[in-house]
Amino acid sequence: SSGATAPAYGEQKAVDGFINTYWESANRVFPATLTLDLGAIKQVGKVVLKLPPSWEPRVQTINLSGGTDQQELTALVEAADYTFGPKLENTVTLTFTGQEVRYLQLVFTANTTWPAGQLAEFEVFSE
270 SSGATAPAYG EQKAVDGFIN TYWESANRVF PATLTLDLGA IKQVGKVVLK LPPSWEPRVQ
330 TINLSGGTDQ QELTALVEAA DYTFGPKLEN TVTLTFTGQE VRYLQLVFTA NTTWPAGQLA
390 EFEVFSE
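For the sequence shown, my numbering assigns the number 270 to the initial residue and increments by one for each residue that follows.
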């Protein structure tokens with residue numbers, strides 16, 4: 270689920286397996302949230318974030334929280350600026366001490382290229 274979303278770019282696009290479709294928050298509405306429900310409690314220690322490979326470089330400020338209860342998420346990765354760009358395959362990897370979570374939430378607070386949070390794929394790994 271997400272907070273305000275641009276109508277054509279719903280949260281399901283961030284987990285559909287297609288790199289050229291993407292989630293986008295409503296324009297000029299920060300912070301923007303994107304929450305992933307894993308369906309069950311899983312051990313997670315790495316998240317890979319991707320944008321479409323043809324997109325121009327950008328920096329997005331993002332933090333990652335997680336937990337077993339959607340109402341009580343704790344910080345897994347503090348807010349930081351992440352560079353997405355073609356030279357990096359428009360991919361950012363967040364690693365952290367493994368945690369048991371059901372919910373993962375990204376909070377976007379800035380984007381240097383577009384006034385919204387943007388994400389094509391939200392991939393989750395145990396390590």
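Note that CB positions come from ideal geometry on N, CA and C, so glycine has one too.
Collapsed DSSP secondary structure at residue i in the structure displayed
| i | result |
| --- | --- |
| Ala-295 | coil |
| Glu-392 | strand |
| Glu-358 | coil |
| Gln-281 | helix |
| Gly-386 | coil |
| Gln-340 | coil |
| Phe-287 | coil |
| Thr-381 | coil |
| Leu-320 | coil |
For residue i: DSSP bridge partner residues
| i | result |
| --- | --- |
| Asp-419 | Nothing can be reported for residue 419, as the shown portion of the chain is limited to 270 through 396. |
| Glu-369 | Gln-312 |
| Leu-375 | Leu-303, Leu-333 |
| Leu-363 | Val-316 |
Top-ranked residue by Cα proximity to residue i, from the options
| i | options | result |
| --- | --- | --- |
| Phe-391 | Pro-321, Val-298, Ala-348 | Pro-321 |
| Thr-364 | Phe-394, Thr-330, Leu-342, Thr-304 | Phe-394 |
| Lys-356 | Gln-312, Leu-373, Gln-281, Pro-326 | Pro-326 |
| Phe-353 | Val-284, Leu-318, Gly-314 | Leu-318 |
| Asp-405 | Val-370, Trp-383, Gln-312, Trp-324 | The requested residue 405 is not part of the displayed model; the chain covers only 270 to 396. |
| Ala-344 | Lys-282, Asn-359, Gln-312, Gln-368 | Gln-368 |
| Asp-350 | Ile-331, Ile-310, Trp-383 | Ile-331 |
| Thr-290 | Trp-324, Gln-339, Leu-342 | Trp-324 |
| Thr-378 | Ile-288, Val-284, Pro-300 | Pro-300 |
| Gln-483 | Tyr-278, Thr-302, Val-361 | Outside the shown range of the chain, which is 270 to 396, sits residue 483, and nothing can be said about it. |
Distance between beta carbons of residue j and residue i, contact taken as under 8 Å
| i | j | result |
| --- | --- | --- |
| Val-328 | Thr-381 | 5 Å |
| Leu-373 | Gly-335 | 5 Å |
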